[in-house]
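J.: Residues 1 to 115 in full-length UniProt numbering are what the sequence shown lists, from first letter to last.
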Amino acid sequence: KKDENGIVYLLVHVDDIITTSDDEELIRKVKDAVGKVFKIRDLGEAKVFLGMEISRGENGEVKLSQRRYIEELLQRHQLVDAKPRSTPLPPGSKVLPAEEGDMELKDSSDYRTLV
């Protein structure tokens, strides 16, 4: 939303919303307008959103980190001691279609959470 006082940004995912602006009054107006249509709960300053940790520097910069999410994935898949790699295959490698006799991945959901 933009008006004569400035601009407010809304980040929305399903039923999670973050608002940000350099004008606190504008944020309040947007929250009031949304609250007239939907039941909302103000949880204060965001520390985590969609698995991303949010931190703020003294100069106003905002940093996003997925360190906690990655650590949880590593624990869930018993890969805490795995060694990091820059890519899963050397650059320039050709990926060929599966051939008869190759192992078939029955459930790819675990693999997809890691890639």
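Heads up, the beta-carbon is just placed ideally off N, CA and C, and yes, glycines get one too.
Small disclaimer: the values here were computed from a predicted structure and weren't measured.
Once the 5 residues before and after residue 68 are set aside, which same chain residues still bring their CB inside 7 angstroms of it?
T.: 53
J.: Look up residue 63 in the DSSP assignment and say whether it is helix, strand or coil.
T.: strand
J.: Bridge partners of residue 86, per DSSP?
T.: Paired residues: none, contrary to the question.
J.: Determine the DSSP secondary structure at residue 30, reduced to helix, strand or coil.
T.: helix
J.: State the DSSP-derived secondary structure class of residue 117, mapped to helix, strand or coil.
T.: What is shown of the chain runs 1 to 115, which leaves residue 117 out entirely.
J.: Taking contact to mean 3 or more Cβ pairs, one atom from each stretch, closer than 8 angstroms, check whether the region 35-54 and the region 4-24 are in contact.
T.: yes
J.: For the beta strand (DSSP E) that contains residue 56, what are its first and last residues?
T.: 52-56 is the span of the beta strand (DSSP E), which, as asked, contains residue 56.
J.: Under the rule that 16 or more other beta-carbon atoms within 10 Å means buried, what is residue 26, buried or exposed?
T.: buried
J.: What does a CB cutoff of less than 6 angstroms around residue 66 pick up in its chain, not counting 5 residues either side in sequence?
T.: If the five residues before and after residue 66 are omitted, its C-beta is found closer than 6 angstroms to the C-beta atoms of 52, all from its own chain and listed in chain order.
J.: Output the distance between the C-alpha atoms of residue 112 and residue 9, rounded to the nearest integer angstrom.
T.: 31 angstroms
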